[in-house]
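For the sequence shown, the numbering used here assigns the number -8 to the initial residue and increments by one for each residue that follows.
The structure appears right after this line, and notes come after that.
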Amino acid sequence: MTKKQTAQAPAAAKTAGAPAKARAGRPPAAASDNAGADSPLYVNSVEKAMKVLMAFDGQQRQLSLSQIAALTGFDISTTQRFTYTLMTLGYLTKDEEVRKYELAPQVLNFAYHYLSSSDLVRRATPYLQQLSQQTEETTNLTILDGCDIVFVQRIVSRNVLNPTVVTGTRLPAFCTASGLAILAALDPHEVDDILDRTELRAYTPYTIADRGKIKQRLARFREQGYAHIREEYFLGDISTAAVVTDSHLGRPAGAVNLAITTARWGGDADERRHADLVMSAARAISN
-8 MTKKQTAQAP AAAKTAGAPA KARAGRPPAA ASDNAGADSP LYVNSVEKAM KVLMAFDGQQ
52 RQLSLSQIAA LTGFDISTTQ RFTYTLMTLG YLTKDEEVRK YELAPQVLNF AYHYLSSSDL
112 VRRATPYLQQ LSQQTEETTN LTILDGCDIV FVQRIVSRNV LNPTVVTGTR LPAFCTASGL
172 AILAALDPHE VDDILDRTEL RAYTPYTIAD RGKIKQRLAR FREQGYAHIR EEYFLGDIST
232 AAVVTDSHLG RPAGAVNLAI TTARWGGDAD ERRHADLVMS AARAISN
């Protein structure tokens, strides 16, 4: 599955084959790829409206009508109707001088309502804040969505490596500490399904993209209770994560991770310390 990258990675990462961008807000698959699209309950016009909104994927702030049509596959007439409707509803604005559209702040209402109603985010936030204060490093809460992890809470420190990674950013699960911590807690058939639908590619020279090696490390992470990776998606980034479980279902609900730059890394002692901290926070949030 091809993944677009939309949050800029460090300059050093670009020179060594790391991704130039991290995905922000892009769904894991088009709605038309889902079996549910064949249901008589499925409303095609809603899908088309979402395609127009998702055409603004962060690579360009503004898009012309013809650019939106090209990205969505709609004809100009259909594109014009949907852009006009979304403008009327307040989700798009138009710069009349250059005749281009862009997302309006009202789009953020969706994120606000999700975050403010999420019990997981509410429970996790004080622990992430405490963890960040203890370590002076960036801490995150992520959830699994399709083949990606999505950042749903992020406490940024002054030592942050990637300030462009924000709430809503998507990263592949197979090469991120949070994603691997969650995958390690899933049933093997679920892991196989996710890997089947993932483009296993090397984002940096250190990415482990071999399916057999990924499954071997999942077994190790499951046994030790945390996942730890170094520079597999962003160069200069070291991350340690532990899974948060649903106390009722016993299934992974998300993951807590702590990110540190290689310049501040203290070796095995830091790994052990960070592992203890994220596992403690994950247990507290789970309970």
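We treat Cβ as the ideally placed atom computed from N, Cα and C, and that holds for glycine.
Local Cβ density within 10 Å of residue i, reported as buried at 16 or more and exposed below that
i, result
"H239", "exposed"
"S230", "buried"
"V43", "buried"
"H104", "exposed"
"G64", "exposed"
"N153", "buried"
"A3", "Reliability of the predicted coordinates at A3 is poor, the pLDDT of 39 falling under 50, and no value is obtained from them."
"G27", "exposed"
"Y194", "buried"
"R161", "buried"
"P163", "buried"
"T79", "exposed"
"L99", "exposed"
"Y224", "buried"
"G49", "buried"
Three-state class that DSSP yields for residue i in the structure shown
i, result
"A20", "Its pLDDT being 47, under 50, A20 is placed unreliably in this model, and the coordinates cannot settle the point."
"A232", "strand"
"Q58", "helix"
"D110", "helix"
"Q215", "helix"
"L77", "helix"
"Q207", "helix"
"V132", "It is Leu, not Val, that sits at residue 132 in the sequence shown. L132: strand per DSSP, three-state reduction."
"A275", "helix"
"I173", "helix"
"P117", "helix"
"I199", "coil"
"L46", "Sequence inspection shows Ala at residue 46; the Leu mentioned does not correspond to that position. If DSSP states are grouped into helix, strand and coil, A46 belongs with coil."
"R188", "coil"
"A244", "strand"
"R72", "helix"
"R145", "strand"
"H265", "helix"
"A193", "coil"
"G258", "coil"
"N150", "coil"
"T167", "coil"
"H239", "coil"
"D29", "helix"
"F101", "helix"
"Q125", "helix"
Beta-carbon proximity list for residue i, same chain, < 8 Å, skipping 5 on both sides
i, result
"A176", "R213, V234, T236, R242, P243"
"A102", "T158, G159"
"G216", "A233, A266, M270"
"N150", "E127, E128, T129, I251, T252, R255"
Close Cβ partners of residue i (< 7 Å) along its chain, the five nearest in sequence each way excluded
i, result
"A95", "G81, Y82, L83, T84"
"A60", "D66, I67, T70"
"L62", "A46"
"T116", "Q144"
"S277", "V235, T236, S238"
One or two residues paired with residue i in a DSSP bridge
i, result
"R221", "I229"
"V157", "According to DSSP, V157 bridges with nothing at all."
"E93", "T84"
"P179", "Paired residue(s): none; P179 is not in a bridge."
"L249", "T130, T231"
"L162", "I140"
Beta-carbon contacts of residue i that lie in its chain and below 6 Å, excluding the five residues immediately before and after
i, result
"H265", "T231, L249"
"V147", "T129"
"V182", "L174"
"G170", "I140, A164"
"A275", "Y118"
"F142", "N131, T133, T158, T160"
Any 3 or more C-beta pairs closer than 8 Å across the segment 245 to 252 and the segment 116 to 136
The segment 245 to 252 is in contact with the segment 116 to 136.
Evaluate the contact criterion for the segment 106 to 116 versus the segment 255 to 270: three or more CB pairs, one atom per stretch, below 8 Å.
no
Using 8 Å as the threshold, is the segment 178 to 189 in touch with the segment 136 to 144, meaning 3 or more CB pairs across them?
The count of Cβ pairs closer than 8 Å, one atom from the segment 178 to 189 and one from the segment 136 to 144, reaches three, so the stretches are in contact.
Contact between the segment 263 to 278 and the segment 200 to 208: three or more CB pairs below 8 Å?
Judged by Cβ distances under 8 Å, the segment 263 to 278 makes no contact with the segment 200 to 208, as fewer than three pairs qualify.
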